[in-house]
Amino acid sequence: MIFDLMNVSYSYVGGINALKDISFKVSPGEQISIIGSNGSGKSTLLTILDGLIYPTVGEFYALDNKITEDVFDTIKDNAFRSYFRTRVRLVFQNSDVQLFSPTVFEEIAFGPLQLNLTPEEVKTRVLEVMEMIGITKLKDRSPHTLSGGEKKNVCIATVLANDPDVLLLDEPTAEPGPENSAMADKAITGVRDSGKNYNYCHS
Amino acid sequence: MRVVTCVSAVVLLFLTTPQQILYKSLRTVGVPKIYIFTLEMTNRYFFLLMDLVREIHFAKKARTVKARSMFDEQKCVGGRIGYTLIRSMDISEKVHMAMISRGFNGDVKVMQEFIMHKRDYIAGATATSLS
Numbered sequence: 001m002i003f004d005l006m007n008v009s010y011s012y013v014g015g016i017n018a019l020k021d022i023s024f025k026v027s028p029g030e031q032i033s034i035i036g037s038n039g040s041g042k043s044t045l046l047t048i049l050d051g052l053i054y055p056t057v058g059e060f061y062a063l064d065n066k067i068t069e070d071v072f073d074t075i076k077d078n079a080f081r082s083y084f085r086t087r088v089r090l091v092f093q094n095s096d097v098q099l100f101s102p103t104v105f106e107e108i109a110f111g112p113l114q115l116n117l118t119p120e121e122v123k124t125r126v127l128e129v130m131e132m133i134g135i136t137k138l139k140d141r142s143p144h145t146l147s148g149g150e151k152k153n154v155c156i157a158t159v160l161a162n163d164p165d166v167l168l169l170d171e172p173t174a175e176p177g178p179e180n181s182a183m184a185d186k187a188i189t190g191v192r193d194s195g196k197n198y199n200y201c202h203s
Numbered sequence: 001m002r003v004v005t006c007v008s009a010v011v012l013l014f015l016t017t018p019q020q021i022l023y024k025s026l027r028t029v030g031v032p033k034i035y036i037f038t039l040e041m042t043n044r045y046f047f048l049l050m051d052l053v054r055e056i057h058f059a060k061k062a063r064t065v066k067a068r069s070m071f072d073e074q075k076c077v078g079g080r081i082g083y084t085l086i087r088s089m090d091i092s093e094k095v096h097m098a099m100i101s102r103g104f105n106g107d108v109k110v111m112q113e114f115i116m117h118k119r120d121y122i123a124g125a126t127a128t129s130l131s
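The listed protein sequences correspond, in order, to chains F and Y. The numbers in my numbering rise by one with no breaks, and the one at position 136 of the first sequence is 136. The numbers in my numbering rise by one with no breaks, and the one at position 29 of the second sequence is 29.
What follows is the structure, given as structure tokens:
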């Protein structure tokens, strides 16, 4: 089982209830869409699925392991956490929070570098992903000079560079403007048709 | 005079050298990577902060129909500073989440592409002796 949520609820500080009693399972190869109005907790749910925040009530299992704060949020190295971070990747709704490096190339290289790959391997992987998404020409650009759609494509490339099995996409085509939206849509279609059987969860 | 010369040299360096090359060069000469990484991120998010402040200013300007008293303006500026701080904290928290999500565990790993050659040491020594 990829994900298993049992009666999960989440409240933000101040008592704002974002999720209430959510239960569902995601099996390998399954693709799911989460639909809901603004403020219904879609982003919060994806953040929980990525192990960045933890349910205030209920239990959450990912890749057959229970995700809890005391196991997952320690300074010490944790083998399962490292495994989880290579297998599950999240594209954030706001591209700017995901793009923190000075150039697009270094941005995409950030994830593979955390896997202790050699610089040559990192370089090859980054160039392959850029080619696949069609953003090779943006290689030396600074993220703040990119358009909304280009930023989203770079975000998608950053998560693919680690070759994950599970993709969590938080409103990937919600960039303002039809061109930006179409650009992100094209990138996702390219990923889907790349031959690898990804698990998708997108809102 | 010395201060003016130093500041001019630093400004000239920043204006004539692409930032990514500057950061890589700093790494090569031994500046700890955590400082460089922080500097890179500060530079990146400075632009985002500028955009945010500009947008808030324009939004306020677009909805201001008549001149307001100095006290009201000061109140408004205070509110904007507070809002900018809250937004900045929210973004910094999300950036941290994005870094964790991509496998960051506190140890900064960067690609080191520049290597100091003999000619670089000679150029450095010449520049130092001339100064």
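Glycine included, each C-beta is placed from N, C-alpha and C at the ideal position.
**Q.** Straight-line gap, Y/VAL31 to F/LEU46 (C-alpha atoms, nearest Å)
**A.** Approximately 38 angstroms, taken between the alpha carbons.
Q: Could you run through the segment 101 to 123 of chain Y and flag, in chain order, every residue whose CB is less than 8 angstroms away from some CB of chain F?
A: Using a CB distance below 8 angstroms, the part of the segment 101 to 123 of chain Y facing chain F consists of SER101, ARG102, GLY103, PHE104, ASN105, GLY106, LYS109, VAL110, MET111, GLN112, GLU113, ordered along the chain.
Q | Contact residues within the segment 136 to 154 of chain F, judged by C-beta distance below 7 angstroms to chain Y | A | Residues of the segment 136 to 154 of chain F with a C-beta atom less than 7 angstroms from some C-beta of chain Y are PRO143, HIS144, listed in chain order.
(Q) Looking at chain F, is there any beta carbon in it that lies within less than 9 angstroms of the beta carbon of Y/ALA59? (A) Y/ALA59 has a beta carbon lying at 9 angstroms or more from every beta carbon in chain F.
Q | Limits of the alpha helix (DSSP H) - the one that Y/ARG80 falls within | A | Its alpha helix (DSSP H) spans residues 70 to 101.
Q: Going by DSSP, name the residue or residues bridged to F/ALA62.
A: Answer is F/PHE3, F/ASN65, bridged to F/ALA62.
**Q.** Secondary structure of Y/VAL110, DSSP reduced to three states
**A.** Here Y/VAL110 sits in coil by DSSP.
**Q.** Endpoints, alpha helix (DSSP H) assigned at F/PHE100
**A.** In the DSSP annotation of this structure, F/PHE100 is not part of any alpha helix (DSSP H), being labelled neither H nor E.
**Q.** Rounded straight-line distance, which links the Cα of F/VAL126 to that of F/PRO112
**A.** Straight across, the Cα-Cα distance linking F/PRO112 with F/VAL126 is about 8 angstroms.
Q. Three or more C-beta pairs closer than 8 angstroms, one from the segment 167 to 175 of chain F and one from the segment 91 to 104 of chain F: is that the case here?
A. By the criterion of at least three beta-carbon pairs nearer than 8 angstroms, the segment 167 to 175 of chain F is in contact with the segment 91 to 104 of chain F.
(Q) So Y/LYS94 contacts chain F; which residues on that side make the cut at Cβ distance below 8 angstroms? (A) Y/LYS94 reaches chain F at PHE92, ASN94, VAL97, counting residues in chain order whose Cβ is nearer than 8 angstroms.
Q | Positions along the segment 103 to 128 of chain F whose CB lies within less than 8 angstroms of some CB in chain Y | A | Interface annotation for the segment 103 to 128 of chain F against chain Y: THR103, GLU106, ALA109, PHE110, GLY111, LEU113, GLN114, LEU115, ASN116, PRO119, VAL122, LYS123, criterion Cβ-Cβ distance under 8 angstroms.
(Q) For F/THR56, which residues in the same chain have their Cβ closer than 7 angstroms to its Cβ, ignoring the five residues on either side in sequence? (A) The answer, listed in chain order, is SER9, TYR10, SER11.
(Q) Less than 9 angstroms between the beta carbons of F/GLN114 and Y/PHE104, yes or no? (A) In contact: F/GLN114 and Y/PHE104 (Cβ atoms closer than 9 angstroms).
Q. What in chain Y is Cβ-close to F/ARG87, meaning under 7 angstroms?
A. Going along chain Y, no residue has its Cβ under 7 angstroms from F/ARG87, so there is no contact; the nearest lies around 11 angstroms.
Q.
Using only CA atoms, which one of F/ARG85, F/THR103, F/GLU106, F/PHE105 lies nearest to Y/MET97?
A. Y/MET97 has its Cα closest to that of F/ARG85, out of F/ARG85, F/THR103, F/GLU106, F/PHE105.
**Q.** Continuous beta strand (DSSP E) stretch holding F/LYS76: start and end
**A.** From DSSP, F/LYS76 is part of no beta strand (DSSP E); its letter is neither H nor E.
**Q.** Sequence-distant residues of the same chain with beta carbon closer than 6 angstroms to F/LEU160, five excluded per side
**A.** If we look at F/LEU160 and ignore the five residues flanking it on each side, its Cβ neighbours are VAL129.
Q: Report the rounded CA-to-CA distance for Y/GLN20 versus F/ILE48, giving the unit in angstroms.
A: For Y/GLN20 and F/ILE48, the distance between alpha carbons rounds to 34 angstroms.
(Q) What would DSSP say about Y/TYR45, mapped onto helix, strand or coil? (A) The answer is helix: DSSP assigns Y/TYR45 an H, G or I state.
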